[in-house]
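**Q**
What follows is the structure in structure tokens.
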């Protein structure tokens, strides 16, 4: 019952917000999101990190004719992604206090509906249920961009929706094929992901038309678009730039992780032979994404678009770690998912904060901002250090583990990925230099820098991010230990993976 409450309470909260007076919508949304995060922290007491099993399982028949059930559970792979989702929601609500001025009630309804769909995606253990939540997340994000987005929001929205929906259709076909395959091999239809793990899926090497290879690519395409991997990334920069700040934060910090989570939950354990045969392609695309994202970010005149392309680069590291096929790579990939949610989420919030006050995101319009906004400058620098993986920050731990794992299994790809670390430092520090230091830019000259620094509300939003950046960087085992058993099981039994139910 706990996980169902965790998933569907945001929908109840949305109903409450639909009924409260307009002036109480914001404070009510903040209070309810904080209470939901505190409720999610019960996971720390009910989840046993020593067990590599599926825990807190809830199961109910849904469409028995086709073996479709309401089946949810949590393991070490989904544990932190669930908490990341609930942690970010109150910060997004507080961060949007002044930036969202129209249709405030509808905005918060969309946020809570989106939260339910993301939590359902990370906790669903029935493939059809997973697909429903996975696709449902598109609807509130579509409205967040389309209603509260920038001037090119309709173009960005259609591109985002078409890309992600098209990829998901291939996944749906693959899920249906697997359901019929369970009937052939066990005599009973089932959409359970745990039953999918037991399937003997035919594989023939050196051909694309093998059953396992076709299913592998059907799932991989859907998740690669969501990550997004190069060359399926082109929807992301437009969506980020046109989305309101809260939409960009949730998109980068949570929704992109649905793609990498999908690789860990479906692709790698279900299709081991195809994964082994085609891993070189994903390693190559991961490295290309790392370097390409960094190079394109380097030449962006728009600060928000720079951060958007940095996401393409950083998510390339996650894919590199997943396809390294060892404990260092998988641990680093899962940790980097959290790191990216924290650091890139904070960067989008910072860009949104300064945009609210200056009404420009053009790097060339800034310059000398450190003199008039010292607290904002410090916050931006600290988050930048996390983004470029400076030691003692969370980003260093994740990228170090990924590179260690990649070097252990594929030295060439590991060596090329190091170039991305260097380029990442170049584009971020160059942007910092142009925005915060040097001669005063047009923004400072025209506005005299008045009111540019962060206030108490913004400080409350940014402080949890800064705490996490250093906590995760200085004491990584406080986080890694919660996923250690599940990641070890994932790596050691990849060719014959099983995820057992808690006894």
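In my numbering, the protein residues as written are 22 to 524.
The C-beta atom is built at its ideal place from N, Cα and C for all residues, glycine as well.
Are the beta-carbon atoms belonging to residue 115 and residue 51 less than 7 Å from one another?
**A** Against a cut-off of 7 Å, the Cβ pair of residue 51 and residue 115 comes out as a contact.
**Q** Does the distance from the CB of residue 441 to the CB of residue 312 come in under 7 Å?
**A** A contact, by the Cβ cut-off of 7 Å.
**Q** Which residues in the same chain as residue 247 place their Cβ atom closer than 6 Å to its Cβ, once the five residues preceding and following it in sequence are excluded?
**A** Here the set comprises 279, 280.
**Q** Does the region 192-206 come close enough to the region 259-270 that 3 or more CB-CB pairs lie under 8 Å?
**A** Too few Cβ pairs lie closer than 8 Å, so no.
**Q** Fully enclosed by the region 285-371, which alpha helix (DSSP H) runs are 4 residues long or longer?
**A** As far as the region 285-371 is concerned, its whole alpha helix (DSSP H) runs of at least 4 residues are 293-319, 324-343.
**Q** Where are the beta strand (DSSP E) runs, 3 residues long or more, that stay fully inside the region 194-230, in chain order?
**A** Fully enclosed beta strand (DSSP E) runs of 3 or longer: not present.
**Q** If we count the other Cβ atoms within 10 Å of its Cβ and call it buried at 16 or more, is residue 337 buried or exposed?
**A** Buried, by the Cβ-count rule.
**Q** Going straight from the alpha carbon of residue 203 to that of residue 209, what length do you get?
**A** In a straight line, the C-alpha of residue 203 is about 6 Å away from that of residue 209.
**Q** Using CA coordinates, which residue listed in 492, 447, 78 is at the minimum distance from residue 405?
**A** Answer by Cα proximity: 447.
**Q** Buried or exposed, going by whether 16 or more other CB atoms sit within 10 Å of the CB of residue 108?
**A** Buried, because 16 or more other Cβ atoms sit within 10 Å of the Cβ of residue 108.
**Q** Considering only C-alpha positions, which residue in the set 426, 74, 300, 254 is nearest to residue 354?
**A** Closest option to residue 354, Cα to Cα, is 426.
**Q** Classify residue 256 as buried or exposed, calling it buried when 16 or more other Cβ atoms lie within 10 Å of its own Cβ.
**A** It is buried - the Cβ of residue 256 has at least 16 other Cβ atoms within 10 Å.
**Q** Would you list the residues sitting across from residue 81 in a DSSP beta bridge?
**A** Partner(s): 91.
**Q** Check whether the region 128-145 and the region 293-309 are in contact - that is, three or more C-beta pairs closer than 8 Å.
**A** No contact exists between the region 128-145 and the region 293-309.
**Q** Are the Cβ atoms of residue 244 and residue 217 separated by less than 7 Å?
**A** The answer is no: Cβ separation not under 7 Å.
**Q** Pick helix, strand or coil for residue 413, following the three-state DSSP scheme.
**A** Residue 413: coil per DSSP, three-state reduction.
**Q** Secondary structure at residue 75, three-state DSSP: helix, strand or coil?
**A** Strand, per DSSP.
**Q** Return yes when the Cβ of residue 358 is within less than 7 Å of the Cβ of residue 339, no when it is not.
**A** Their beta carbons are under 7 Å apart, which means residue 339 touches residue 358 by this criterion.
**Q** Can you tell me which of the three DSSP states residue 50 falls into?
**A** In the structure shown, residue 50 sits in a helix (DSSP, three-state: H, G or I).
**Q** What does the alpha-carbon distance come out to for the pair residue 444 and residue 316?
**A** Cα-Cα distance, rounded: 7 Å.
**Q** Can you grab the Cα-Cα spacing for the pair residue 86 / residue 323, in whole Å?
**A** Going by the C-alpha atoms only, they are around 53 Å apart.
**Q** Which of the three DSSP states, helix, strand or coil, is assigned to residue 522?
**A** In this structure, residue 522 counts as strand in the three-state DSSP scheme.
**Q** On the DSSP letters alone, give me the boundaries of the alpha helix (DSSP H) that residue 510 sits inside.
**A** Residues 505-513.
**Q** DSSP three-state label for residue 145, please.
**A** It is a strand residue.
**Q** Around the Cβ of residue 42, are there at least 16 other Cβ atoms within 10 angstroms (buried) or fewer (exposed)?
**A** Exposed.
**Q** If we call anything under 7 Å between Cβ atoms a contact, is residue 525 one with residue 515?
**A** The first residue shown for the chain is 22 and the last is 524, placing residue 525 beyond what the model contains.
**Q** Below 8 Å on the Cβ atoms is my guess for residue 81 versus residue 66; work out the distance and round it to an integer in Å.
**A** That belief does not hold up - the Cβ atoms of residue 81 and residue 66 are roughly 24 Å apart, past 8 Å.
**Q** With a floor of 4 residues, list each alpha helix (DSSP H) that falls wholly inside the region 90-126, ordered by position along the chain.
**A** Entirely contained in the region 90-126, the alpha helix (DSSP H) runs reaching 4 residues are, in chain order, 97-116.
**Q** Return the chain-ordered list of same chain residues with a C-beta closer than 7 Å to the C-beta of residue 321, the five sequence neighbours on each side being excluded.
**A** 327, 330, listed in sequence order.
**Q** Judging by CA-CA distance, which residue of 117, 68, 62, 96 is the nearest neighbour of residue 48?
**A** Ranking 117, 68, 62, 96 by Cα distance to residue 48 puts 117 first.
**Q** Quick check: the Cα distance between residue 505 and residue 102, rounded to an integer number of angstroms?
**A** Taking the straight line joining both Cα atoms gives about 15 Å.
**Q** From 126, 59, 88, 231, pick the residue whose C-alpha is nearest to that of residue 45; which is it?
**A** Answer by Cα proximity: 126.
**Q** Going by other Cβ atoms of all chains shown within 10 Å of its Cβ, with 16 needed for buried, is residue 288 buried or exposed?
**A** Buried: at least 16 other Cβ atoms inside 10 Å.
**Q** Is the region 377-397 close to the region 449-463, with three or more CB pairs under 8 Å?
**A** Output reads yes: the region 449-463 touches the region 377-397.
**Q** Tell me, please, which residues DSSP counts as bridged to residue 432.
**A** Per DSSP, none; premise fails for residue 432.
**Q** Beta-carbon separation of residue 100 and residue 503 under 7 Å?
**A** In contact: residue 100 and residue 503 (Cβ atoms closer than 7 Å).
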